[in-house]
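Quick note on numbering: the working numbering labels position 43 of the sequence shown as 108, and the sequence is numbered without any gaps.
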Amino acid sequence: MLWSRKTPAVHDRSRVAGVDVTASRIRAVSVGAGKYRQLLLDDPCEELMLFLSGERRTPEVGRAGYALSRRLPHVVCSNFLPALARSQEWQAGRHTLNAETALGLAFERVQGPLVAESEAAVLLLPAYLASDQIARAVLTASRAKLPIKGTASAPLALAASRASSLTTGRAATLHANDGIVPMRSLSSGPGSVVVVDADEHALTASVIDVGRDAVKLAAVAVWSRLGLRVWKDKLLDAVADRCIRLCRRDPRDSADAEQALFEQLDDALDRARAGQRVSLTVRTDHWYQDVVQAPDEFDGYCTALARSSAEAVRDLVQSTALVKPPRALWLTHEAGRLPGLCKALHLNSSEGTAIEVLAPPAMAVAAASLVPRWLAGELPRTHLDTS
66 MLWSRKTPAV HDRSRVAGVD VTASRIRAVS VGAGKYRQLL LDDPCEELML FLSGERRTPE
126 VGRAGYALSR RLPHVVCSNF LPALARSQEW QAGRHTLNAE TALGLAFERV QGPLVAESEA
186 AVLLLPAYLA SDQIARAVLT ASRAKLPIKG TASAPLALAA SRASSLTTGR AATLHANDGI
246 VPMRSLSSGP GSVVVVDADE HALTASVIDV GRDAVKLAAV AVWSRLGLRV WKDKLLDAVA
306 DRCIRLCRRD PRDSADAEQA LFEQLDDALD RARAGQRVSL TVRTDHWYQD VVQAPDEFDG
366 YCTALARSSA EAVRDLVQST ALVKPPRALW LTHEAGRLPG LCKALHLNSS EGTAIEVLAP
426 PAMAVAAASL VPRWLAGELP RTHLDTS
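Printed below as a string of structure tokens:
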């Protein structure tokens with residue numbers, strides 16, 4: 066069940082929260098009585114985009130930065146999460162920032178909506194972060210006064226939260242209505258799963274063994290050449306080329322037109338995945354053009370990326386030397402809407418592997434489901450990234 070965006074936050078000590086962080090964005094949900102609601106982290110939007118604008122006197126994180134990422138890229142700091150505990154710096158306008166500073170600003174934005182809903186939350190981080198980077202992220206969250214009770218690797222937490230439904234074949238309470246779309250039926254019993262995610266940094270795949278008593282990380286691979294930004298660049302260039310054929314004008318010649326086209330891609334990806342035609346509007350002060358795209362055209366633009374991604378995931382699974390093919394392959398919302406990826410994975414996986422695309426809040430819901438176990442002392446006070 067998804068509550069209305071207009072539902073006011075009501076502080077309830079019994080509610081718990083989950084926070085899901087990637088290099089692209091932060092999402093959070095609060096859970097109580099078996100129901101969840103998404104938090105508005107960048108009102109009126111649920112997710113807080115991890116793009117930081119240095120155009121003004123005070124740095125702004127969220128849509129303000131995203132809206133300048135193509136128009137004024139020299140004042141924007143993005144994809145900073147993988148640089149935690151590293152020496153990299155960004156000169157964003159008049160501001161000099163490192164990854165810790167940028168993430169701290171993001172966590173400060175999240176703090177208000179989060180503590181208004183709950184006093185206990187679990188933080189999920191990408192599987193590609195090293196131990197020193199995780200420690201820095203946890204310290205940054207603590208300084209921002211987030212009510213974090215535990216942290217875990219995102220794919221591992223997802224598998225743990227869904228382990229019961231996987232081994233018994235019954236739908237988990239908090240996931241029964243989270244919008245998962247299956248491509249193959251799912252059998253029951255212990256086995257392994259593959260979780261595929263995509264963000265600004267990379268495409269990531271994790272192979273996880275799911276038993277009746279524990280879930281364990283078997284393997285993880287990260288491909289920065291297949292990250293979300295690469296797919297969006299490909300789509301933007303393809304749509305721009307179509308625009309040139311239609312009206313002999315290139316939207317990339319105008320920073321404003323390129324930015325407007327870039328901002329339409331997220332909605333276009335969702336529509337194309339739903340099988341709908343997409344109309345992208347390119348507009349400048351002197352001309353405009355509507356570029357209509359069919360879902361299969363988006364797939365065609367990204368054929369090489371989808372094939373490379375599916376083959377990389379297949380090779381990872383084969384290198385893990387599993388006794389049986391994975392029981393399931395779960396794509397996060399961000400990975401599931403990449404054009405052609407789901408079909409390519411279907412072609413490159415076993416007939417016994419169920420392929421599912423998760424709804425946007427699925428990871429954050431998984432995080433929230435682990436809060437009671439931390440509060441009860443059933444989980445160690447360390448970052449859970451192996452089991």
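Cβ atoms here follow ideal geometry from the backbone N, Cα and C, with glycine treated the same way.
Within 10 angstroms of the Cβ of residue i, are there 16 or more other Cβ atoms? Answer buried if so, exposed if not.
i: His139; result: exposed
i: Gly401; result: buried
i: Arg102; result: buried
i: Pro220; result: buried
i: Gly276; result: exposed
i: Ser344; result: exposed
i: Asp262; result: buried
i: Val388; result: exposed
i: Ser384; result: exposed
i: Ser143; result: buried
i: Val436; result: buried
i: Gly127; result: buried
i: Thr368; result: exposed
i: Gly130; result: buried
i: Gly340; result: exposed
i: Ser152; result: exposed
i: Glu265; result: buried
i: Glu416; result: exposed
Going along the chain, which residues of its own chain have a beta-carbon closer than 6 Å to the beta-carbon of residue i, five neighbours each way excluded?
i: Val285; result: Ala192 and Ser271
i: Ser183; result: Arg80, Val81, Ala82 and Ser95
i: Glu173; result: Ala209
i: Leu168; result: Thr205
i: Gln324; result: Arg135 and Arg136
i: Leu334; result: Arg402
i: His240; result: Any answer about His240 is weak, because its pLDDT of 41 lies below 50 and its placement is not dependable; what the coordinates show is given next. Answer for His240: no residue qualifies.
Apart from the five residues just before and just after residue i, which ones in its own chain have a Cβ nearer than 7 Å to its Cβ?
i: Trp439; result: Val187, Lys214 and Gly215
i: Thr451; result: Lys281 and Leu282
i: Gly442; result: none
i: Val347; result: Cys308, Pro316, Ala322, Leu326, Tyr353, Gln354 and Val356
i: Gly158; result: Gly119, Glu120 and Val140
i: Gln198; result: Leu149 and Ala150
How is residue i classed by DSSP in three states: helix, strand or coil?
i: Gly177; result: helix
i: Trp352; result: coil
i: Gly324; result: According to the sequence as given, residue 324 is Gln; it is not Gly. If DSSP states are grouped into helix, strand and coil, Gln324 belongs with the helices.
i: Glu421; result: strand
i: Arg102; result: strand
i: Val378; result: helix
i: Leu330; result: helix
i: Leu137; result: coil
i: Gly256; result: strand
i: Ser218; result: strand
i: Leu301; result: helix
Opposite residue i in the DSSP bridges: which residues?
i: Lys281; result: Asp274
i: Arg92; result: Asp85
i: Ile309; result: Paired residue(s): none; Ile309 is not in a bridge.
i: Glu125; result: Ser118
i: Cys110; result: Asp107
i: Ile213; result: Ala186
i: Thr269; result: Asp262 and Val287
i: Ser344; result: Val357
i: Ala393; result: Val258 and Ala419
i: Leu449; result: Ala217
i: Gly97; result: Lys100
With a threshold of 7 Å between beta carbons, is residue i in contact with chain D?
i: Thr451; result: No chain D appears in the structure shown, which is made up of a single protein chain.
For residue i, which residues in the same chain have their Cβ closer than 8 Å to its Cβ, ignoring the five residues on either side in sequence?
i: Ala377; result: Leu268, Ala270, Ala286, Trp288 and Leu291
i: Ser207; result: Ile213
i: Leu190; result: Val86, Ile199, Ala202, Thr216, Ala217, Ser218, Ala219 and His448
What ranges does the beta strand (DSSP E) occupy inside the region 140-164, keeping only unbroken runs of at least 3 residues that lie completely in it? 141-143, 154-157 and 160-163
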